[in-house]
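Student:
In our numbering, the protein residues as written are 62 to 420.
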């Protein structure tokens, strides 16, 4: 069972072929993969990012509480800043990926709706004697992203913000195409850009305004097949695909981007620090280039020359830049050397470095 994006009607008008991404019905594409891929890479892509869980934290203890629960540095945020982090269990396994925004009088957390029930229950469980109120705001918000080489120009023109002066994760209130929203610099697809949070009832208006602005710069709508290809090329791991509650941050290769080592204690920190001091893990996410034109399915077993299982595929897609099918997967340490050959039931693959260069 998947949720529908509030922009489903807009996608139907545009002739989109729908699929399920992050547990939500979102566009696979709009009929021309090559054009969408080029648009997202070279100009500006408007992407439906309505897979979000949105949670609000109020109360005088909100910062201290959330800083002690998640791996991001919430303690040192100022209004208009945000922190990327993880919600871990005591064993260090990844329950959720989080971006926490400081709005001055409250905190707003963005995560994934597909694991939202568990995320909210876990966060709520730790509110004991704290002056903290957790409110699920998911049904009140929608999200539209603009990414690509010209995304900054599109966002600046559309929302009247100084995009180039914004740092990654910074956010501001804005009026985009006459619609109030919050512009957050950053994206989950390995491309520069911004995400716009808007009142759910005005999502379609903002979408149309963003599409019009992107088209003036040679861009337009882009579906997730093209986005998925670009983010794998960029070596960007996705929560729910490449990392989840089966792995710890160091195995997923996100220990630098998603963990603060200066913020103090948090749930799962003991495991994170133990692995950090040890300096290596037995398995880790690696880049893969597959022989042939068939992309292996998620969780396809990877095998060594002797036929023994040595890992699993997490994601794969056709890559125009590499000229072949590439992807990611977990491999045991001894099989991760660049150029190593591994097999899956449909063929073989080579271990490669990500991001891929221009071929």
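Yeah, the Cβ is synthetic: ideal placement off N, Cα and C, and Gly gets one too.
(1) Pull up the distance between the alpha-carbon of residue 144 and that of residue 160, whole angstroms please.
(2) Residue 322 and residue 128 - do their beta-carbons sit closer together than 9 Å?
(3) Using 10 angstroms around the beta-carbon of residue 194, count the other beta-carbons present and answer buried if the total reaches 16, otherwise exposed.
(4) Report yes if the CB atom of residue 255 is closer than 9 Å to the CB atom of residue 247, and no otherwise.
(5) For the structure I just gave you, are there three or more beta carbon pairs, one from the segment 145-159 and one from the segment 78-91, closer than 8 Å?
(6) Which class does residue 310 belong to by DSSP, given the choice of helix, strand or coil?
(7) At 4 residues or longer, and completely inside the segment 319-391: list those alpha helix (DSSP H) runs for me, N to C.
(8) Mark residue 140 as exposed unless 16 or more other C-beta atoms lie within 10 angstroms of its C-beta, in which case mark it buried.
(9) In the structure shown, what three-state DSSP assignment does residue 317 receive?
(10) Beta-carbon within less than 7 Å of residue 68's beta-carbon, same chain only, minus the 5 sequence neighbours each way: which residues are those?
(11) Do the segment 398-414 and the segment 300-310 meet, that is, are 3 or more Cβ pairs less than 8 Å apart?
(12) Among 253, 150 and 93, which has the Cα closest to the Cα of residue 332?
(13) DSSP three-state label for residue 279, please.
(14) According to the Cβ coordinates, are residue 257 and residue 243 closer than 9 Å?
(15) Identify whether residue 154 lies in helix, strand or coil by the three-state DSSP scheme.
(16) Rounded to a whole number of angstroms, what is the C-alpha to C-alpha distance between residue 387 and residue 125?
(17) Let me know the secondary structure DSSP gives residue 64 once reduced to three states.
(18) On the DSSP letters alone, give me the boundaries of the alpha helix (DSSP H) that residue 138 sits inside.
(19) Check each candidate in 238, 88 and 83 and name the one with the smallest Cα separation from residue 74.
(20) Counting pairs of Cβ atoms below 8 Å between the segment 164-179 and the segment 112-124, do you hit three or more?
(21) Counting C-beta neighbours from all protein chains within 10 Å, is the total for residue 225 16 or more, i.e. buried, or is it exposed?
(22) Taking the beta carbon of residue 189 as the centre, do at least 16 other beta carbons fall within 10 Å, making it buried, or is it exposed?
(23) So the candidates are 306, 305, 397 and 380; which of them puts its Cα closest to the Cα of residue 417?
(24) Tell me the residue span of the alpha helix (DSSP H) that contains residue 70.
(25) Determine the burial state of residue 357: buried for a count of at least 16 other Cβ atoms within 10 Å of its Cβ, exposed for fewer.
(26) To the nearest angstrom, how far is the alpha carbon of residue 325 from that of residue 337?
(27) Residue 298 to residue 274, Cα distance in whole Å?
(28) Below 7 Å CB to CB, which residues in the same chain sit around residue 119 once its five sequence neighbours on both sides are set aside?
(29) Please report the straight-line C-alpha distance between residue 372 and residue 221, rounded to a whole angstrom.
(30) Residue 106 and residue 208 look like a contact to me (Cβ under 8 Å); what is the Cβ gap, rounded to whole Å?
(31) Check whether the Cβ atoms of residue 397 and residue 345 lie closer than 9 Å to each other.
(32) Among 240, 215, 301 and 359, which has the Cα closest to the Cα of residue 249?
(33) Would you mind sorting residue 229 into buried or exposed? The rule is 16 or more other CB atoms within 10 Å of its CB.
(34) Considering only residues of the segment 151-212, which uninterrupted beta strand (DSSP E) runs meet the minimum length of 3 residues and lie entirely inside it, listed in chain order?
(35) From residue 121 to residue 180, what distance separates their C-alpha atoms?
(36) Within its chain, find whatever has a CB closer than 6 Å to the CB of residue 71; leave out the 5 residues flanking it on each side and keep chain order.
Tutor: Put simply:
(1) Whole-angstrom Cα-Cα distance: 6 Å.
(2) Against a cut-off of 9 Å, the Cβ pair of residue 322 and residue 128 comes out as no contact.
(3) By the 10 Å Cβ count, residue 194 comes out exposed.
(4) Yes, the Cβ-Cβ distance between residue 255 and residue 247 is below 9 Å.
(5) With fewer than three CB-CB distances shorter than 8 Å, the segment 145-159 does not count as touching the segment 78-91.
(6) Reduced to three states, the DSSP call for residue 310 is helix.
(7) Listed in chain order, they are 330-339.
(8) Exposed, because fewer than 16 other Cβ atoms sit within 10 Å of the Cβ of residue 140.
(9) Correct three-state label for residue 317: coil.
(10) Excluding positions up to five away in sequence, the list reads 109, 111, 264, 265 and 268.
(11) Between the segment 398-414 and the segment 300-310 there are fewer than three C-beta pairs closer than 8 Å, too few to call the two in contact.
(12) For the residues 253, 150 and 93, the minimum Cα distance to residue 332 belongs to 150.
(13) DSSP places residue 279 in coil when its eight states are reduced to three.
(14) Cβ atoms of residue 257 and residue 243: closer than 9 Å.
(15) DSSP places residue 154 in coil when its eight states are reduced to three.
(16) The alpha-carbon atoms of residue 387 and residue 125 are separated by roughly 42 Å.
(17) Three-state DSSP puts residue 64 in a strand.
(18) Note, residue 138: premise wrong, no alpha helix (DSSP H); not H, not E.
(19) The shortest Cα separation from residue 74 among 238, 88 and 83 belongs to 88.
(20) In this structure the segment 164-179 touches the segment 112-124; the number of beta carbon pairs closer than 8 Å is three or more.
(21) When all chains shown are included, residue 225 counts as exposed.
(22) Counting the other Cβ atoms within 10 Å of the Cβ of residue 189 gives fewer than 16, which makes it exposed.
(23) Out of 306, 305, 397 and 380, 380 has the C-alpha closest to the C-alpha of residue 417.
(24) Per DSSP, residue 70 belongs to the alpha helix (DSSP H) from 69-74.
(25) Burial is judged here by how many other beta carbons sit within 10 angstroms of a residue's own beta carbon; residue 357 has at least 16 and is buried.
(26) Rounded to the nearest angstrom, the two C-alpha atoms are 15 Å apart.
(27) Answer to the nearest angstrom: the Cα atoms are 29 Å apart.
(28) Within the same chain, residue 119 has close Cβ partners 167 and 194.
(29) So the two alpha carbons sit approximately 48 Å from each other.
(30) The pair is a contact, with the Cβ atoms about 5 Å apart (cut-off 8 Å).
(31) Yes, the Cβ-Cβ distance between residue 397 and residue 345 is below 9 Å.
(32) The closest CA to that of residue 249, considering only 240, 215, 301 and 359, is found on 301.
(33) Answer is exposed; the Cβ neighbour count stays below 16.
(34) Complete beta strand (DSSP E) runs here, min 3: 155-163, 168-173, 194-197 and 202-208.
(35) Cα to Cα, residue 121 sits roughly 22 Å from residue 180.
(36) Closer than 6 Å at Cβ, skipping near neighbours: 265 and 268.
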